[in-house]
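Engineer: FYI, in UniProt numbering the residues of the sequence shown are 1 to 222.
Quick reminder that beta carbons are idealized off the backbone N, C-alpha and C, glycines included.
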Amino acid sequence: MEKSMIRIENAALKLGDFSMKPESFCIPEGYIVGIQGDNGAGKTTLLRMMLGQYDQMQGNIYIDGIDVVKNKRNIKNIVGIVSQERTFFMEENADGNEKIYAPFYSVWDSEEYHRRLRQFHLSTGKRLGEFSTGGMIRYQMAFAAAYRPKVLLLDEPTANLDPVFRDDFLKIMQEFVAEYEMTILLATHIEADLSQIADYIIDVDNGIYSMNECVEGGKKWI
Numbered sequence: 001m002e003k004s005m006i007r008i009e010n011a012a013l014k015l016g017d018f019s020m021k022p023e024s025f026c027i028p029e030g031y032i033v034g035i036q037g038d039n040g041a042g043k044t045t046l047l048r049m050m051l052g053q054y055d056q057m058q059g060n061i062y063i064d065g066i067d068v069v070k071n072k073r074n075i076k077n078i079v080g081i082v083s084q085e086r087t088f089f090m091e092e093n094a095d096g097n098e099k100i101y102a103p104f105y106s107v108w109d110s111e112e113y114h115r116r117l118r119q120f121h122l123s124t125g126k127r128l129g130e131f132s133t134g135g136m137i138r139y140q141m142a143f144a145a146a147y148r149p150k151v152l153l154l155d156e157p158t159a160n161l162d163p164v165f166r167d168d169f170l171k172i173m174q175e176f177v178a179e180y181e182m183t184i185l186l187a188t189h190i191e192a193d194l195s196q197i198a199d200y201i202i203d204v205d206n207g208i209y210s211m212n213e214c215v216e217g218g219k220k221w222i
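Written out as structure tokens, the structure is:
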């Protein structure tokens, strides 16, 4: 029987006029799960719920058996986030950011961090603020490779990127699942990306979210 890495139990949220309706399902370990929906449908909100960012959330979300709201400090070691928001020390280079952040993680593989930086053609001497949008996405993947979260959340990472880089990035995600046994959740409005790599799909529509499984010839509800 497959292990459930993420368990959602009647998780719901009210944010002003917007709400995420209650839903329950489990996500097995070691798969790529697509979160699809239009802009403003609630994809980012769902990812933030999984990070435990809303104390007012109703229901429960467990990642590797840990309640994300009650254990925010522990969650940061097992859940990572990649997005187009620039949350690092942008005036520092890759080495500087490593010195700042590495002590905060229970696992940090400096050798793997630098191997991925080389693979992604990122200069360790260049300030992060000088990286392009695609460069920052690659940097965040190298950073994730260093501390190897069990779950990696990606919020529209391929938006505004050229098709060639998008294809390379999808292959990188598959590498991470194979090499690090990660569970990856990819939120995007680009359905073509999901059709290439997603094992499961979470459909989000105006705060209503539900999960289905990708199978040959179409999808089936689970």
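Relative to the C-alpha of Met5, which candidate in Lys14, Tyr31, Leu13 and Glu23 has its C-alpha closest?
Structural biologist: Of Lys14, Tyr31, Leu13 and Glu23, the residue nearest in Cα terms is Tyr31.
Engineer: Tell me which residues share the same chain as Gly135 and place their Cβ nearer than 7 Å to its Cβ, disregarding the 5 neighbours each side in the sequence.
Structural biologist: So the qualifying residues of the chain are Leu122.
Engineer: Per DSSP, what are the beta-bridge partners of Met50 in this structure?
Structural biologist: None, per the DSSP bridge assignment.
Engineer: Beta carbon of Tyr62, beta carbon of Arg138: below 7 Å?
Structural biologist: Their beta carbons are not under 7 Å apart, which means Tyr62 does not touch Arg138 by this criterion.
Engineer: Going by Cα to Cα distance, which pick from Asn10, Ala144, Asp109 and Ala41 is closest to Glu175?
Structural biologist: Nearest option by C-alpha distance: Ala144.
Engineer: Give the secondary structure of Asn93 by DSSP, where H, G and I count as helix, E and B as strand, and everything else as coil.
Structural biologist: In this structure, Asn93 counts as strand in the three-state DSSP scheme.
Engineer: Which value, in whole angstroms, describes the spacing of the CA atoms of Lys220 and Ile75?
Structural biologist: Only weak support exists for where Lys220 lies, its pLDDT of 36 falling under 50; the value from the coordinates is given anyway. Whole-angstrom Cα-Cα distance: 31 Å.
Engineer: Comparing C-alpha positions only, which one of Arg73, Gly37, Gln36 and Asp64 sits nearest to Gln53?
Structural biologist: The residue with the shortest Cα to Cα distance from Gln53 is Arg73.
Engineer: Taking all protein chains shown into account, decide if Ala142 is buried (16 or more other Cβ within 10 angstroms of its Cβ) or exposed.
Structural biologist: So Ala142 ends up on the buried side.
Engineer: Could you tell me the alpha carbon to alpha carbon distance between Phe25 and Ser210, rounded to whole angstroms?
Structural biologist: Approximately 8 Å, taken between the alpha carbons.
Engineer: Given a cut-off of 7 Å, decide if Ala198 and Gly34 are closer than it, judged by their beta-carbon atoms.
Structural biologist: Going by C-beta atoms, Gly34 is nearer than 7 Å to Ala198.
Engineer: Does the stretch 116 to 131 come close enough to the stretch 150 to 159 to have 3 or more Cβ pairs within less than 8 Å?
Structural biologist: No, the stretch 116 to 131 does not touch the stretch 150 to 159.
Engineer: Measuring CB atoms only, is the stretch 92 to 99 touching the stretch 181 to 196, in the sense that at least three cross pairs come out at less than 8 Å?
Structural biologist: Segments in contact, no.
Engineer: Can you check DSSP and say which residues form a bridge with Asp155?
Structural biologist: Per DSSP, Ser83 and Ala187.
Engineer: Which stretch, first to last residue, makes up the beta strand (DSSP E) that contains Gln58?
Structural biologist: Looking at the DSSP string, the run of the beta strand (DSSP E) that includes Gln58 is Gln58 to Ile63.
Engineer: Just reading off the beta strand (DSSP E) that Arg7 is part of, what are its end residues?
Structural biologist: Unbroken beta strand (DSSP E) run through Arg7: Ser4 to Leu15.
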